[in-house]
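A.B. asks:
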Amino acid sequence: MKIVEGFFRFWWDFIIGDDWKIAAAIATVLVIAALVISGTSPAGTWLAIVLGAALVLAFLVSLTVDVRRG
Amino acid sequence: MTATFTASFVEFVEALTIVLAMGMTRSWRSALWGTGAALVALAGFTAIAGYALVNWLPRSALQLGIGTLLLIFGLQWLRKAILRSSGLKSMHDEEEEFREQAEAARAAGDEQRFGLDWFSFVVSFKGIFLEGMEVVFIVITFGLNAHNVPLAAGGAAAAGAVVLGAGAVLSKPLSQVPENTLKYGVGLLLSSFGAFWAVEGLGVFQNGGDSLSWPGDNWSILGLLAAWFLISRLMIKVVPRLAKGGPAAVAPAVLEEAV
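This is the structure:
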């Protein structure tokens, strides 16, 4: 049991780190993007810019929530 | 190679601090066994995962997976850099980190397994494996992006050799390294490469599964770098106002330093 717990804790520390909100915000953007573009035809380069902006926005939101919560 | 060297350098400094704390306060033999075991495990993981990733996954899926991890690592570092520069978090100090690790080591029990001090072994193993995994992902991303993984691996190995050499000579944490500044720069780099790759990799969900394209291809990484830099400078100014208690909650001296 300890080994399983240690295994999951290791991956949590590795991927999530100190602030889970950043990982959650990035994962949310990527999952929504995946659902929206799933099965569509290849898009132009504008889509990359929109998605990049969404990632920046996700970081800003997570940092704001983090700081406001103290 | 410079990017890989710098990013890996910070990871190696952290790993060295952990091993030094265990070696100096408990058992050098156990700490070094932990280090060796972690390196073997890391080599095995890299070989197996590298083979599986390159041979079984489409390029876009690889970009999405590694880009996402790198983006999260980079943004964690950027968050810390913003909080430190705005005075909401104390500056990272390897000597302080060393003191905390050493204190925990002294307070830990005295369990012996396989003739080793188990606490030293486990903490060293985890520290090296965790930091080492980050180096592996950094090497893969920067290497594949530059179409030269061996050169990127060389940069990481050189950083490891420099840190190890300095650690062996000084036998104390590398507190003179401007780690906060380095981490800020590396956070910007990792966030830029991570965002670039994660977005390209999302193309795996489109018909055909080809990577998405950024305008200007690799040149857009510079655009991302500029964007993260500007956002971080803006947030350094803004977060003290967002914090509980407002700007008054931030130590005035620290705030002055940030401005």
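Chains H and F supply the protein sequences, listed in that same order.
If you're matching positions, the first sequence starts at 45 in my numbering and goes up one per residue.
If you're matching positions, the second sequence starts at 227 in my numbering and goes up one per residue.
A virtual CB, placed ideally from N, CA and C, is assigned to each residue, including glycine.
Computed from a prediction, not measured in an experiment: that's the story for all the values here.
How long is the line joining the alpha carbons of F/A168 and F/W282, rounded to whole angstroms?
C.D. replies: Here chain F has residues from 227 to 485 only, and residue 168 of chain F is not among them.
A.B. asks: Among residues of its own chain, excluding the 5 on either side of F/I354, which ones have a beta-carbon nearer than 8 Å to its beta-carbon?
C.D. replies: One-based indexing of the second sequence puts residue 354 of chain F at position 128. For F/I354, where only same-chain residues beyond five positions count, the Cβ hits under 8 Å are A241, I244, V245, G260, T261, A264, L265 and L268.
A.B. asks: Could you list which residues in chain F have their beta carbon closer than 8 Å to that of H/V48, in chain order?
C.D. replies: One-based indexing of the first sequence puts residue 48 of chain H at position 4. The premise fails here: H/V48 is roughly 16 Å from chain F at the closest Cβ pair, so nothing lies under 8 Å.
A.B. asks: Pull up the DSSP beta-bridge partners for F/L342, would you.
C.D. replies: Here residue 342 of chain F refers to the residue found at position 116 of the second sequence. F/R339.
A.B. asks: Can you tell me which of F/L415, F/I447 and F/F299 puts its alpha carbon nearest to the alpha carbon of H/I93?
C.D. replies: By one-based count along the first sequence, residue 93 of chain H stands at place 49. Of the listed residues, the one whose Cα sits closest to H/I93 is F/I447.
A.B. asks: Run through chain H and tell me which residues come within less than 7 Å of F/A421, C-beta to C-beta.
C.D. replies: Within the second sequence, residue 421 of chain F is the residue found at index 195, counting from 1. Within chain H, the residues near F/A421 are G96 and L99.
A.B. asks: Going along chain F in order, which residues have a C-beta closer than 9 Å to the C-beta of H/F54?
C.D. replies: Residue 54 of chain H sits at position 10 when you count from the first residue of the first sequence. Within chain F, the residues near H/F54 are K352, F355 and L356.
A.B. asks: CB-CB under 6 Å to F/L288, same chain, minus the five flanking residues each way: which ones, in chain order?
C.D. replies: For this step, residue 288 of chain F is matched to residue 62 along the second sequence. For F/L288, where only same-chain residues beyond five positions count, the Cβ hits under 6 Å are L279.
A.B. asks: Hey, would you say the C-beta of H/D63 is under 8 Å away from at least one heavy atom of the ligand ATP?
C.D. replies: Absence of the ligand ATP is noted for the structure shown, with no ligands found whatsoever.
A.B. asks: Does the region 429-447 of chain F come into contact with the region 405-412 of chain F, if we say contact requires no fewer than three beta-carbon pairs (one atom in each stretch) closer than 8 Å?
C.D. replies: These segments do not touch.
A.B. asks: Give the straight-line distance between the Cα atoms of H/D57 and F/D436, rounded to the nearest whole angstrom.
C.D. replies: By one-based count along the first sequence, residue 57 of chain H stands at place 13. By one-based count along the second sequence, residue 436 of chain F stands at place 210. If you take the alpha carbons of H/D57 and F/D436, they lie about 32 Å apart.
A.B. asks: State the DSSP-derived secondary structure class of F/P376, mapped to helix, strand or coil.
C.D. replies: In the second sequence, residue 376 of chain F corresponds to position 150, counting from 1. DSSP places F/P376 in helix when its eight states are reduced to three.
A.B. asks: Start and end of the alpha helix (DSSP H) containing F/L314?
C.D. replies: Residue mapping note: residue 314 of chain F aligns to position 88 of the second sequence, counting from 1. Careful: F/L314 lies outside any alpha helix (DSSP H) and carries neither H nor E.
A.B. asks: Roughly how many angstroms separate the alpha carbons of F/V349 and H/R53, rounded to a whole number?
C.D. replies: On the second sequence, position 123 is the one that residue 349 of chain F refers to. On the first sequence, position 9 is the one that residue 53 of chain H refers to. The alpha-carbon atoms of F/V349 and H/R53 are separated by roughly 14 Å.
A.B. asks: Does H/V111 have its Cβ less than 9 Å from a Cβ in chain F?
C.D. replies: If you number the first sequence from 1, residue 111 of chain H lands on position 67. Interface residue, yes.
A.B. asks: Am I right that F/A424 and F/L297 are in contact with their C-beta atoms under 8 Å? What's the rounded C-beta distance?
C.D. replies: Your numbering for residue 424 of chain F matches position 198 in the second sequence. Your numbering for residue 297 of chain F matches position 71 in the second sequence. Right, the Cβ-Cβ distance comes to about 5 Å (below 8 Å), so this counts as a contact.
A.B. asks: Taking 8 Å as the limit between beta carbons, can you name the residues of its chain near F/G335, skipping five residues before and five after?
C.D. replies: The count along the second sequence starts at 1 and reaches residue 335 of chain F at position 109. Excluding residues within five positions, the ones whose Cβ falls inside 8 Å are F345.
A.B. asks: Which of the three DSSP states is assigned to H/G61 in this structure?
C.D. replies: The count along the first sequence starts at 1 and reaches residue 61 of chain H at position 17. The answer is coil: DSSP assigns H/G61 none of H, G, I, E or B.
A.B. asks: What does H/T84 reach in chain F if we use C-beta pairs closer than 9 Å?
C.D. replies: Sequence index remark: in the first sequence, residue 84 of chain H carries index 40 (1-based). Under the 9 Å cutoff, chain F gives F431, Q432 and N433.
A.B. asks: When the Cβ atoms of the region 366-379 of chain F are set against those of the region 62-76 of chain H, are three or more pairs found closer than 8 Å?
C.D. replies: No, they do not touch.
A.B. asks: By how many angstroms is the C-alpha of F/I308 removed from the C-alpha of F/S418?
C.D. replies: Within the second sequence, numbered from 1, the residue matching residue 418 of chain F stands at position 192. Within the second sequence, numbered from 1, the residue matching residue 308 of chain F stands at position 82. If I take the Cα positions, the gap works out to 16 Å.
A.B. asks: Is F/D443 helix, strand or coil when you go by DSSP?
C.D. replies: Position 217 of the second sequence holds residue 443 of chain F. Helix at F/D443.
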